[in-house]
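As you go down the protein sequences, you meet chains A and B in turn. Everything in the first sequence is counted per full-length UniProt numbering, starting at 1 for the first residue and increasing by one. Everything in the second sequence is counted per full-length UniProt numbering, starting at 1 for the first residue and increasing by one. We treat Cβ as the ideally placed atom computed from N, Cα and C, and that holds for glycine. What follows is a short report on a single structure.
There are 2 protein chains.
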Amino acid sequence: MSTTETGTARPAGRPRSEKAEKAILEATLDLIGEGSGVTELTIEAIAARAGVGKTTIYRRWSNKEDLVVDALATLKSPVPHLSGESVRGDLIVLMEAMRLDALQSDRRCVMNIAMSESDRYPHLFEKFRRIAIEPRREAMRQVLRRGVANGELQPDLDIDLAVQIVSGPMVMFTRWADPEDLTEDLPRRIVDQVLAGLGRK
Amino acid sequence: MSTTETGTARPAGRPRSEKAEKAILEATLDLIGEGSGVTELTIEAIAARAGVGKTTIYRRWSNKEDLVVDALATLKSPVPHLSGESVRGDLIVLMEAMRLDALQSDRRCVMNIAMSESDRYPHLFEKFRRIAIEPRREAMRQVLRRGVANGELQPDLDIDLAVQIVSGPMVMFTRWADPEDLTEDLPRRIVDQVLAGLGRK
DNA sequence: ACTTTACGAAACGAGCCCGTTGCGTATCGG
DNA sequence: CCGATACGCAACGGGCTCGTTTCGTAAAGT
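Below you can see the structure in the form of structure tokens.
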């Protein structure tokens with residue numbers, strides 16, 4: 001070898017700018033948050049927004065979908081802390097987190113993409129599900145399983161079905177209701193009604 | 001007046017072709033059903049699909065949104081017949097109708113538009129809600145009200161909340177689950193669990 | 001016949017975005 | 001200093017869609 005090996009095989013020349021990389025990913029999320037669908041999203045617009053040449057983008061991602069996938073991957077999805085005191089309390093915390101997400105327009109748009117472009121961009125949807133949906137869903141599953149174990153819930157409860165039943169109503173509200181219907185007490189009302197059932201006692 | 005008035009003020013010249021009009025609206029729905037978002041939808045593509053000149057389209061609609069609105073208006077949304085024997089039975093029928101809709105890809109795409117482009121095209125969403133969502137929702141409200149009246153359901157039930165709780169889980173399944181999860185018994189399972197509640201008896 | 005309007009087809013200039021290339025500059029290792 | 005690579009910027013040719021216009025033809029009333 002003529003070059004001094006440093007072990008990590010550092011290539012010669014100017015290293016890629018991490019700042020540019022971050023700017024590109026942020027610009028992508030910005031534009032998505034402003035309502036761009038994946039198809040309308042243009043490399044030129046991303047470059048302009050990021051203050052970056054198109055070259056810099058094409059050097060890193062060969063196509064738009066890969067870029068969007070990486071951008072979505074940077075979305076933190078902190079699962080809210082659950083006290084574990086009661087199933088009811090934990091479910092309300094999870095629902096409240098969904099409600100607050102829905103009130104942020106950028107989050108709404110990301111959700112839009114996840115719901116509407118899932119057919120056309122399956123990779124993208126898969127990534128989104130893994131980083132954004134699945135952690136929260138798993139958290140809810142654990143809450144429900146704990147409830148089954150300690151007798152708060154029915155012993156033969158279908159956990160996956162229950163997850164959909166708890167989450168579904170909030171999704172309905174976030175998508176098809178006016179924002180003013182997303183009142184503060186909505187999580188509590190949903191959880192209480194779902195736990196109690198609609199039938200007469 | 002030099003012209004013989006016929007009362008209905010029929011304009012002179014060749015009348016517009018109803019066949020062309022129908023072809024345009026059908027082509028629009030076709031393309032939407034194939035996955036086009038409203039933004040990707042092009043007048044040229046619609047004209048080509050309909051076997052029609054662009055002129056014929058522009059003569060009738062001044063912009064794309066108006067055209068799509070009219071196209072959605074042609075969608076029949078037959079609310080399924082409800083026997084009225086029991087709340088449970090009627091709800092299952094309504095859920096089954098949603099399930100069957102979700103299995104048709106063209107219906108899925110229409111739903112996609114309704115959910116994801118509602119922010120960008122409020123008129124469009126409003127129309128869709130009026131012709132597709134509201135009739136079914138109202139049907140469900142009636143079922144629930146009847147259930148409250150005859151004692152099947154809780155006397156102080158919040159009807160609108162209950163509608164979301166019943167519908168939500170099916171929406172979750174239609175959007176975020178594999179098609180094979182849309183099993184035949186899903187409507188029954190959802191309705192029974194929702195009526196009974198998750199809590200221990 | 002004659003007017004009037006609609007029809008399908010084709011072409012227009014304009015604008016946007018594509019993916020690529022060349023340019024001069026900046027930043028790294030050696 | 002030198003070679004190598006990345007940077008931002010501008011420009012390229014090509015493609016697509018826009019909304020409009022022109023053309024010759026078709027279908028109605030008078």
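Under 8 Å between beta-carbons, which chain A residues line up against residue 205 of chain B? List them in chain order, please. Residue 205 of chain B falls outside the range modelled here, since chain B spans only 1 to 201, and no answer is possible.
Which residue or residues does DSSP assign as beta-bridge partners of B/Gly-89? Beta-bridge analysis with DSSP links B/Gly-89 to no other residue.
7 Å Cβ shell around B/Ala-27 - same chain, five flanking residues per side excluded: So the qualifying residues of the chain are Ile-46, Arg-49 and Ala-50.
So which residues on chain A does B/Gln-142 lean against when the C-beta distance must stay under 9 Å? What B/Gln-142 touches in chain A: nothing, since even the nearest Cβ is about 15 Å away.
DSSP three-state label for B/Gly-147, please. Judged by DSSP in its simplified three-state form, B/Gly-147 adopts helix.
Boundaries of the alpha helix (DSSP H) in which A/Pro-155 is found, first to last residue: A/Pro-155 -> no alpha helix (DSSP H), and no H or E assigned at all.
Which residues of the segment 181-196 of chain B have a Cβ closer than 8 Å to any Cβ of chain A? Give them in chain order. Residues Arg-189, Ile-190, Gln-193, Val-194, Leu-195 and Ala-196.
Contacts around B/Ala-102, its chain only, beta-carbon distance under 7 Å, and the 5 residues preceding and following it disregarded: Closer than 7 Å at the Cβ level, and outside the excluded window around B/Ala-102, lie Arg-108, Thr-174 and Leu-182.
For my contact list, B/Thr-56 and B/Ala-20 are in at a C-beta cut-off of 8 Å; report their separation, rounded to the angstrom. Confirmed, Cβ separation roughly 5 Å.
Continuous alpha helix (DSSP H) stretch holding A/Thr-56: start and end: Looking at the DSSP string, the run of the alpha helix (DSSP H) that includes A/Thr-56 is 54-60.
Going by Cα to Cα distance, which pick from B/Gly-33, B/Val-52 and B/Asp-156 is closest to B/Arg-16? Ranked by Cα distance from B/Arg-16, the options B/Gly-33, B/Val-52 and B/Asp-156 are led by B/Val-52.
Going by beta carbon distance, what residues of the same chain come within less than 6 Å of B/Asp-156, once the five residues before and after it are set aside? If we look at B/Asp-156 and ignore the five residues flanking it on each side, it has no Cβ neighbours.
In terms of residues, what are the limits of the alpha helix (DSSP H) holding A/Thr-28? It spans 18-33 - the alpha helix (DSSP H) in which A/Thr-28 sits, taken as one unbroken run.
Mapping DSSP to helix, strand and coil, what is B/Gly-199? DSSP places B/Gly-199 in the strand class (E or B) of the three-state scheme.
So the alpha helix (DSSP H) A/Ala-114 belongs to, where does it begin and stop? A/Ala-114 -> alpha helix (DSSP H) spans 105-116.
Would you mind stating whether A/Val-191 and A/Met-95 have Cβ atoms separated by less than 8 Å? Going by C-beta atoms, A/Val-191 is nearer than 8 Å to A/Met-95.
Compute the Euclidean distance between the alpha carbons of A/Met-1 and A/Arg-10, then round it to the nearest angstrom. Low confidence applies to A/Met-1: its pLDDT is 42, below 50, so where it sits in the model is not reliable enough to give any reading.
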